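Going by the working numbering, the letters in the sequence shown line up with residues 837 to 1019, in that order. The next block holds one structure in the form of structure tokens; read it before the comments.
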Amino acid sequence: MSERSATSVDADRVLADRVWRDRDEEAFRALYRRHTPALYQFALRLLGGNTFDAEDVVQQAWVNATERLGTFRWESGLSTWLHGIVLHCCRALFRRADRRWIELRDDLAALAPRQTHDQLDLEAALARLPPGYRTVVILHDVEGFTHEQIAARLEISANTSKSQLSRGRQVLRSLLRPESVMR
């Protein structure tokens, strides 16, 4: 572990301890500021660009994390644990509402000046993937998780993760063909 990441983990640990033990609001704000941008981007990708649901999921994840902070064992980094909670909240959102992974919202078009057409096409294609494929593709190709880590998070086998990644990439390729993008 690099000195910088060790320092970050140590700082997280000190802040988390202050939040759990002392209910220190300033320590919570520091953790929130440090981790929320990445958690929000992760939720946004999983939820197909739905900003409202992403905000709700991240807020719920912080509520859940704060309630369970005392049980966190520090076997992984706090960021990894928080990302797992966001993933769980996203899955719960779809189970609760009995929803399918949603199409990319019209408000994504407003982001076009800041993103290339290729990025928008990729995000739109990701939004159209079936839930299992999409989650594995994002966790593996975007977030950099191994198949073993994905298997543990999603409670599937590593082989299922590999299969869903392969199939998800095939679907993405077909969706990103010029004739598919225009649909």
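Don't be surprised by glycine CBs; every beta carbon is placed ideally from N, CA and C. Please read these numbers as outputs of a predicted model, since none were measured by experiment.
Relative to the C-alpha of residue i, which candidate in the options has its C-alpha closest?
i: Ala879; options: Cys926, Trp910, Arg964; result: Cys926
i: Gly1004; options: Ser993, Leu975, Asn886, Glu984; result: Leu975
i: Val1007; options: Ile992, Pro966, Asp853; result: Pro966
i: Ser844; options: Glu862, Arg865, His871; result: His871
i: Ala961; options: Ser912, Pro1014, Ala863, Ala890; result: Pro1014
Report yes if the C-beta distance between residue i and residue j is below 8 Å; otherwise report no.
i: Leu914; j: Asp848; result: yes
i: Val1012; j: Asp957; result: Position check: residue 1012 holds Leu in this sequence, whereas Val was assumed. Yes, they are a contact pair.
i: Val855; j: Thr902; result: yes
i: Glu959; j: Gly906; result: no
i: Val893; j: Val922; result: yes
i: Leu929; j: Val972; result: no
For residue i, count neighbouring Cβ atoms within 10 angstroms of its own Cβ and tell me buried if that reaches 16, exposed if not.
i: Arg840; result: The predicted model places Arg840 with a pLDDT of 44, which falls under 50 and marks its position as unreliable, so this point remains unresolved.
i: Thr982; result: exposed
What is the C-beta distance between residue i and residue j, in whole angstroms, given that I count them as a contact (C-beta under 8 Å)?
i: His919; j: Leu867; result: Actually they do not touch by this definition, with Cβ atoms about 14 Å apart.
Using a threshold of 7 Å, is the CB atom of residue i nearer than that to any non-hydrogen atom of the ligand SAH?
i: Ala960; result: The ligand SAH is absent from the structure shown, which contains no ligands of any kind.
Under three-state DSSP, which class holds residue i?
i: Ala897; result: helix
i: Glu903; result: helix
i: Gly913; result: coil
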